[in-house]
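One structure below.
Protein chains in written order, with this note's numbering: chain A, 1 to 277; chain B, 1001 to 1333.
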């Protein structure tokens, strides 16, 4: 997927057009166009407050955009409810881990399968054969996802009692349990130690092969961004200021300005000098 | 991947099954050893257990503060009272009708406010409970009999054969209803519906981001809770043979709230303990009736300080399984 030509030919999984989200007087996201192609890892980067998480919240249906549209697999999903969007195949994680703390790890993962079940009140109370089959399937999917992130040994433990790094992986496994086409990860490596980060990168790249998913992530750790992304989009103050392959972004002048500021010409010159060396 | 086994969530250990059978046996045998007075106390224990179970769906499973639950109870009781006295419909036929009436009322009243969070919802439900009571006092359409209420409600019957008129029969009626409710609720707890309720209680945003239709599941909890409260109202009305607004005050909602808090949110055995406490406590302390509220208040305070999770909090998944068997666990994966 590193070949840009291959990228432009692959199907578009997620597309936003002129996406705009306004909070009071603040335009958090301003006419952002995003294209995520099938089978790639796209990183969304930018300084704090650039509007990255807001883009995620609009895509996953938590916010409604003021202007613009979100298309998923060619279908307009703008303004749909979060639970509908999950059922279409977009699963997400949160920047500050949001598990169900007082439930077991297995029960947490079973949440992912909720939208794939349909047992209602009466079939649950009377335990119809269809409902029992569905429960077994939910448990099997949850168990296999728990094995996939190597956390099966904690399946009976409450989610709040496992280590921070494991909680991150548990949240990813929960998102995966809905069998998504697109996985939206908000800073998956934050709070992880270098070793855990390494494992995460390996896991995510492996996921593209094994699970036929596409990944959209927000990331601050440049090693992760440069290491696993096929495409990088840079945002600043609500706007998309650059996009390209990781190595292009690394030397892009506007990106450097966004991160380091551009008012002070001396500083800029100093930075350019260090880059050259 | 060697051990994808179904989780132990649904398995009940044999020793636990024996315990359950002993409890059921004790409930069945109780009336043969007790006087009518104590059978009646156990009947009201059953009513409060049913009310506790009904509020537990809303408060315990979904974590929604509902301080107007007596309103649903009242709708059930008055539906039974009015339809029975005006049209002579047998009480047991009215049982499902009362449940439906209370459920419908909950659906209509809760739909517009279901998005409210925490204490905001608490205030709205509190107001709703009070409005129901005041409406009953104001005797709308000359149906509710104003402050005096409705008199002359029949004993439960099915029109023909089945006829319930003694304390013992009332006792069995309410406890059979409680037992069936518990069976249904345990099955719900272990279904995707019960889990969805718990996901909402734990983290609403995460629940909706995982495909749970938060609004609908909250509404379902209210509707189902109201339906059970309506059933309790039906049995209560025919036991007392009269209903009046005084039976459905704010205090009644508070008692139900206490039942769930004392027992432990979302725990069915906890609800039974809470209901026992609320209904038996006044009887035990009858000689000291003056100090009853004092003792009750202090007990609640001590409870909040030393056992904030309730007397019998719900244990999750196979944790319960393991502690009973003493199995080491964590040997695979």
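Think of the CB as a built atom: it goes at the ideal place given N, C-alpha and C, for glycine as much as any other residue. Remember, predicted model here, so these are calculated numbers, not experimental data.
Using 8 Å as the threshold, is the C-beta distance between residue i and residue j below it?
i                       : j                       : result
residue 156 of chain A  : residue 93 of chain A   : no
residue 241 of chain A  : residue 234 of chain A  : yes
residue 1281 of chain B : residue 1257 of chain B : no
residue 1223 of chain B : residue 1074 of chain B : no
residue 986 of chain B  : residue 82 of chain A   : Coverage of chain B is limited to positions 1001 through 1333, which leaves residue 986 of chain B absent and any answer about it impossible.
residue 170 of chain A  : residue 69 of chain A   : no
residue 165 of chain A  : residue 196 of chain A  : yes
residue 1211 of chain B : residue 178 of chain A  : yes
residue 205 of chain A  : residue 40 of chain A   : no
residue 88 of chain A   : residue 77 of chain A   : yes
residue 1284 of chain B : residue 1271 of chain B : no
residue 1128 of chain B : residue 1068 of chain B : yes
residue 1057 of chain B : residue 1179 of chain B : no
residue 1123 of chain B : residue 1219 of chain B : no
residue 1238 of chain B : residue 131 of chain A  : no
residue 1263 of chain B : residue 1309 of chain B : no
Give the residues of chain A in contact with residue i, contact being defined as C-beta atoms less than 9 Å apart.
i                       : result
residue 1316 of chain B : 102, 103, 104, 107, 156 and 158
Judging by CA-CA distance, which residue of the options is the nearest neighbour of residue i?
i                       : options                           : result
residue 223 of chain A  : A:62, A:43 and A:37               : A:43
residue 1043 of chain B : B:1173, B:1106, B:1098 and B:1067 : B:1173
residue 1153 of chain B : B:1086, B:1195 and B:1118         : B:1086
residue 53 of chain A   : A:72, A:21 and A:129              : A:21
residue 1277 of chain B : B:1112, B:1312 and B:1238         : B:1312
residue 173 of chain A  : A:149, A:129, A:102 and A:35      : A:149
residue 111 of chain A  : B:1167, B:1239, B:1204 and B:1240 : B:1204
residue 113 of chain A  : A:128, A:136 and A:97             : A:136
residue 1130 of chain B : B:1070, B:1265 and B:1143         : B:1070
residue 103 of chain A  : B:1260, B:1141 and B:1266         : B:1266
residue 1110 of chain B : B:1098, B:1217 and B:1271         : B:1217
residue 1036 of chain B : B:1166, B:1072, B:1188 and B:1058 : B:1166
residue 250 of chain A  : A:131, A:11, A:15 and A:45        : A:45
residue 1081 of chain B : B:1132, B:1304, B:1307 and B:1143 : B:1143
residue 24 of chain A   : A:188, A:194 and A:65             : A:65
residue 1134 of chain B : B:1244, B:1050, B:1065 and B:1114 : B:1244
residue 1093 of chain B : B:1156, B:1294 and B:1066         : B:1156
residue 1195 of chain B : A:100, A:162, A:15 and A:72       : A:100
residue 1225 of chain B : B:1034, B:1126 and B:1059         : B:1059
residue 210 of chain A  : A:244, A:180 and A:227            : A:180
residue 189 of chain A  : A:220, A:176, A:60 and A:207      : A:220
residue 236 of chain A  : A:230, A:255 and A:225            : A:255
Determine the chain B residues that contact residue i at a beta-carbon separation under 7 Å, and present them in chain order.
i                      : result
residue 110 of chain A : 1195
residue 125 of chain A : 1184, 1187 and 1188
residue 188 of chain A : Under the 7 Å cutoff, chain B gives no residues; its nearest Cβ is about 15 Å from residue 188 of chain A.
residue 95 of chain A  : By Cβ distance, chain B contributes nothing, its closest Cβ being about 12 Å from residue 95 of chain A, past 7 Å.
Starting from residue i, find everything on chain B with Cβ-Cβ shorter than 8 Å and list it in chain order.
i                      : result
residue 37 of chain A  : Near residue 37 of chain A there are no residues of chain B at all, since even the closest Cβ is about 24 Å away, more than 8 Å.
residue 138 of chain A : 1192
residue 86 of chain A  : 1209, 1210 and 1211
Going by DSSP, what residues sit across from residue i in a beta bridge?
i                       : result
residue 1043 of chain B : Partner(s): none; residue 1043 of chain B has no beta bridge.
residue 12 of chain A   : A:37
residue 153 of chain A  : In the DSSP output, where bridge partners are listed per residue, residue 153 of chain A has none listed.
residue 1163 of chain B : B:1157
residue 43 of chain A   : A:217 and A:232
residue 27 of chain A   : A:22
residue 255 of chain A  : The partner list for residue 255 of chain A (beta bridge, DSSP) is empty, contrary to what the question assumes.
In chain A, what lies closer than 7 Å to residue i by C-beta?
i                       : result
residue 1199 of chain B : 100 and 111
residue 1046 of chain B : Ordered by position in chain A, no residue passes the 7 Å Cβ test against residue 1046 of chain B, which lies about 21 Å from the chain.
residue 1017 of chain B : Chain A residues near residue 1017 of chain B: none, gap ~17 Å exceeds 7 Å.
residue 1212 of chain B : 83 and 114
Residue i versus chain B: which residues are under 9 Å apart at the beta carbon?
i                      : result
residue 195 of chain A : What residue 195 of chain A touches in chain B: nothing, since even the nearest Cβ is about 20 Å away.
Is residue i near the ligand FAD, judged by its Cβ being under 7 Å from some heavy atom?
i                       : result
residue 1151 of chain B : Only the bare structure without any ligand can be found here, which leaves the ligand FAD out of the picture.
Just checking, does the stretch 1160–1169 of chain B make contact with the stretch 1093–1105 of chain B on the three C-beta pairs under 8 Å criterion? Too few Cβ pairs lie closer than 8 Å, so no.
Three or more C-beta pairs below 8 Å linking the stretch 1110–1124 of chain B and the stretch 1081–1101 of chain B: These segments do not touch.
Using a Cβ distance threshold of 8 Å, determine whether the stretch 1226–1241 of chain B contacts the stretch 1019–1039 of chain B, with at least three qualifying pairs required. Flag = no, the stretch 1226–1241 of chain B and the stretch 1019–1039 of chain B do not touch.
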